[in-house]
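Protein chains in written order, with numbering that gives the first Met the number 0: chain A, 0 to 704; chain B, 0 to 328. For every residue, glycine included, the Cβ atom is placed at its ideal position computed from N, Cα and C.
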Amino acid sequence: MANLETFSYDNKVVRNFAYATIIFGVIGMLVGITAALQLVYPSLNFGLAETSFGRIRPLHTNAVIFAFVGNGIFTGVYYSLQRLLKTRMYSDVLSSIHFWGWQIIILAAAITLPLGMTSSHEYAELIWPIDIAIAIVWIVFGINMFGTLIKRREQHIYVAIWFYIATWITVTVLHIFNNIQIPVSMSYAVNAFAGVQDALVQWWYGHNAVAFFLTTPYLGLMYYFLPKAANRPVYSYKLSIIHFWSLIFLYIWAGPHHLLYTSLPDWAQSLGTVFSIMLIAPSWGGMLNGLLTLRGVWDKVRTDPILKFFVIAVTAYGMATLEGPLLSVKSLNAITHYTDWTVAHVHIGALGWNGMLTFGMLYWLLPRIYGTKLYSVKLANTHFWIGTLGILFYAIPLYWAGWTQSLMWKQFTPDGLLQYGNFLETVTQILPMYLIRAIGGTIYFIGVIVMIYNLYKTVQSGHLIANQEASAPALEKYIPEKNEHWHRWIERKPIQMLFWSAIVILIGGIIEIIPMMMIDENVPKIASVKPYTPLELEGRDIYIREGCVNCHSQMIRPFRSETERYGEYSKSGEFIYDRPFLWGSKRTGPDLHRIGGKYPDSWHYNHMLDPTSMSPGSIMPPYPWLLEDDLNTSYTPAKIRILQSLGTPYPDGYAEKAVEDLKNQAKKIASNLAKDKIKQDNLENKEIIAVIAYLQRLGTDIKVK
Amino acid sequence: MMKKLSFTIMLYIGTLIWGADAFGQGSSQQDLSSTILTFIYNNIFVLLSLAVLVGVVSIALKLIWAFIDMQKVKLADQIGAISVEPSSGRGESTSFLRRLYDKAWNMAPVSKEENIDLGHEYDGIRELDNSLPPWWLWMFYGTIIFAGAYIWYYNVSNNGPNQLQEYEIAMEVAELQKTKSLSIQGNKVDENTVTALTDEASITEGKDLYITNCAACHGQLGEGTVGPNFTDKYWIHGGSVNDIFKTIKYGVPDKGMVSWKDLLGSSAIQKVSSYILTLQGTNPPNQKEKQGELYEPKVVEPEAAPKTDEASPKAEEGTKTETDAPKSK
């Protein structure tokens, strides 16, 4: 210990990220509560396009995942990384760019999503310029992290950092591949993949966004903050190794479980199922290592609210990661998919695992960087109980709602007819559950307010130790111990760790995605399926802009209860011109894949103006602006050209003719509406016409029966 | 309805345990070759539940023992005794369950932790060298075996039905059930045999069905909105009960009228048709203009038609058998 070096930890960036976590947590949850209430009281969008459910639901999910949890990750990583490596962050400038860059991205998201600028891929809705900004900031974070790793004063890297490394590399890969698009304008781009392939790539991303943004970095945080708070050694080093590598290897394969019973080929679905089942043990490895680390200090758990938060978080993690694999078993998936069960499931993870762990971490870390004590342990305990109650009030009604609605969808009379032929009946049945869920969310939010007060008082009583002095011996040449564990080798080599993590996470993706892209048999072509007309294409883009996909699926599964209700089940060949795919993941309203030709044009016109006029009791919000706004056709030729370059068989030179064709089709629909006494100035130029054209086309390319 | 719902829930919990893939398709049992794999798959929930149960119970036991330990420490503190190491003494217990439990976890006692301290230290965090919990490891092996068997069964040997075969099976089973149910009820009304019902119960039921399914396009009072007016004497597709029944049953897809035969069934269509006839001449506000041709009923007063007296009890019988049907299954 001769050459002890002194240095300082950067606490300012930790503080900044912590504040951002709290602020965006509040915003994300408030938007969530609003969206939840809109399902019961649709008028709560105040008639504005910007606040309609289809646009603020992605705002909620993005705010919670990338703003709240994202900033939470960075708070914890910047705090723990420096201390685990006994060094300051590699570059204060990069830390600062990372912090401000991330907040600007969030701000950009908060502006563009309500404006309807969306690429519609779930949890990747942001438009391409923001996608590029995310990539840049993420790489800045990576450079800063690896720079810190390189100048470390600790020979071996701790398990928490393994998780940070795996997170970094996997999110990079996922983000890039899921956002390959060809820009048309600043806010619009055409997706590189179509239909089934796009669905597979999206859910490979979507599932692993959960895995590598909400799970692995938080496991890393757990491995640092839980033993620190409990002052106990980690239960099992072996378990850390086995569950880390198996978790990151297996997780990447499980994406197709979001597409069970869809037109994804059976082999890919089976892979999704079995890899999900195999994930139970690796996930539980994390839970067990966390809970067993508390061995011997359970008496402390009774009094220390921070440990309580961690116990609930880790338990919620264990429950959600058991539930997930079970929901990936086809027979259970057949019931729960498209229902509120899924929503309940993800909120066990979000509110329980991410939320509670974040709160525990903030209570632990903020007093420390302010050189003070937590203002009130009692209030923190109160927050704990309010939060736990909030989770229960949130999740239980939604489990009930999901189960009830699904059984109603599937119920037949003895005569072989659907018992609840009208979809709306199954919605109104669960509205009380929706209300209780909104109350549960509000309870959870009140807990957060209590925390903010407590933390405010805490911070007031201290001063930020912006640069915290520390000392450690310089790193010397390492002579490996005899009989050391084989894994110690890689723990000394962060770049090898990065390399092997990358290999491990790439295998699953490659094996699933490449055959889907290369082998035509996976998507049998159907001769009668033709590209969308320019008007339908524009209507489809409005459908995307309004976020219709958030409530309406376009994927009829081969179930008797679905083919009776909606028509022939969906075939993969029907989606080859769908860029992006719009299968959806939740049916708050009915499936729309075979809506084409089911109702007259005037029905759609009236329904968009006021859904309750055509379906009394409907909770769909009205879309009057579609009747007022003129359709923008200035990008139509460019869209056609790009689609042609991607292989959509429009005739040569069609781009120049497209707008003319569009106008002709619009006139036909307008005159059709006029027959039903719907007259409006300049009607054929309105957006509603394009939407009607798209809806009437849906699912009509194949004729069955 | 709640009663019906709870019945279905019971039914589904039943199928959940006994027939796994019957699930997606409503409910039915399948005659698949009774291989061991079929058994495993059909009972996957029992097996998985057992595995989960073992896990959950062991965690619960773990927690309970932890709490007991806590109490021991606390009591010892209170009575002023030197606190005893909580887990000592338990090891000597020889009960079978206790030994099984210890084996399943294979944990080093907290008191002997220093023996398995690996000497790693990161910002004060140390690591122990406890072995992987054996039950956890066996669960992991179990899921890997399950994965191999699953892929082999469904995608390599193709013994298990794929989703389209599942669908076909479900449709066949449904067809059988339907025929059985219909044969119990006897012949059903169709567009040729249908008569207008006049009993209050049927009309009220018809009205309910109308409000739920038809009012969106034809108006709450039948005044017509997107669809035509029912209260005047002009009909596009004919105004007799047979014509109305037929229009509802098959729909007029070109004009946006949906076919309701798969959604309502003949007895419900009969009731709706009968209700629509009662709207004649009610003269509600905001009527849509007349469309189609004038239709005058042959019998001046449809309510007084002698046939209907025979029709209603028949229909009532029909509904009775309908409700009895599930019991006789």
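- E288(B) and D600(A) have their C-alpha atoms some 19 Å from each other.
- The distance from the Cβ of E573(A) to that of I701(A) is about 6 Å, consistent with a contact at the 8 Å cut-off.
- Among the CB atoms of chain A, one or more fall inside 8 Å of the CB of V225(B).
- About 38 Å separates the beta carbon of D197(A) from that of K177(B), a gap too long to meet the 8 Å contact definition.
- Taken in chain order, no unbroken stretch of beta strand (DSSP E) lies wholly in the region 151-195 of chain B with a span of 3 residues or more.
- In this structure, the CA atom of R87(A) is about 10 Å from the CA atom of L148(A).
- Spanning the alpha carbons of D651(A) and A673(A) requires a straight line of approximately 34 Å.
- Bridge partners of I124(B) according to DSSP: Y121(B).
- Annotated three-state conformation of L47(A) is coil, per DSSP.
- Around the beta carbon of E292(B), a 10 Å sphere encloses fewer than 16 other beta carbons of the protein chains shown; the residue is thus reported as exposed.
- At a beta-carbon threshold of 9 Å, none of the residues of chain B lie near D660(A); the nearest stands roughly 24 Å away.
- By the Cβ-count criterion, S670(A) is exposed, with fewer than 16 other Cβ atoms from all chains shown falling within 10 Å of its own Cβ.
- Secondary structure note for T357(A): its alpha helix (DSSP H) is the uninterrupted segment M355 to I368.
- Chain order gives the chain B residues near R294(A) as A65, M106 and V109, where near means a beta carbon separation below 8 Å.
- When rounded, the separation of the alpha-carbon atoms in E112(B) and W134(B) is 21 Å.
- Within the region 231-247 of chain A, those residues whose Cβ lies closer than 7 Å to any Cβ of chain B are, in chain order, P232, V233, Y234, S235, Y236, K237, L238 and I241.
- A buried status is given to Y374(A), since no fewer than 16 other beta-carbon atoms sit within 10 Å of its beta-carbon.
- Looking at P472(A), P648(A), F248(A) and S327(A), the one whose alpha-carbon comes closest to that of H256(A) is S327(A).
- In the three-state reduction of the DSSP assignment, D91(A) falls in the helix class.
- Between L127(B) and S235(A), the C-beta spacing is below 8 Å.
- Proximity of the region 533-548 of chain A to the region 620-636 of chain A meets the contact definition, three or more beta-carbon pairs being nearer than 8 Å.
- By the C-beta density criterion, E561(A) is buried, having at least 16 other C-beta atoms within 10 angstroms.
- Selection S500(A), C547(A) and I510(A) evaluated against S245(A) yields S500(A) as nearest (Cα-Cα).
- Just so you know, the alpha carbons of F140(A) and G123(B) end up roughly 26 Å apart.
- One thing to note: T403(A) has its Cβ no nearer than 8 Å to the Cβ of I438(A).
- Between L60(B) and chain A, the shortest Cβ-Cβ separation is not below 8 Å.
- Taking a Cβ-Cβ cut-off of 8 Å, the neighbours of A146(B) in chain A comprise V273, F274, I276 and M277, given in sequence order.
- N190(A) sits in a strand when the DSSP states are folded into three classes.
- Going by DSSP, E627(A) is part of no beta strand (DSSP E) but of the alpha helix (DSSP H) stretching over W624 to E627.
- In this structure, the straight-line span from the alpha carbon of N70(A) to that of I164(A) is close to 17 Å.
- Interface with chain A (8 Å Cβ-Cβ cutoff): W151(B) is excluded.
- With respect to F67(A), A333(A) sits apart: the two C-beta atoms are not nearer than 8 Å.
- Selection P264(A), L112(A) and T169(A) evaluated against T215(A) yields T169(A) as nearest (Cα-Cα).
- In the three-state reduction of the DSSP assignment, I181(A) falls in the strand class.
- For A319(A), the nearest beta carbon of chain B is not closer than 8 Å to its own beta carbon.
- Not flagged as an interface residue toward chain B: R593(A), since no C-beta distance is shorter than 8 Å.
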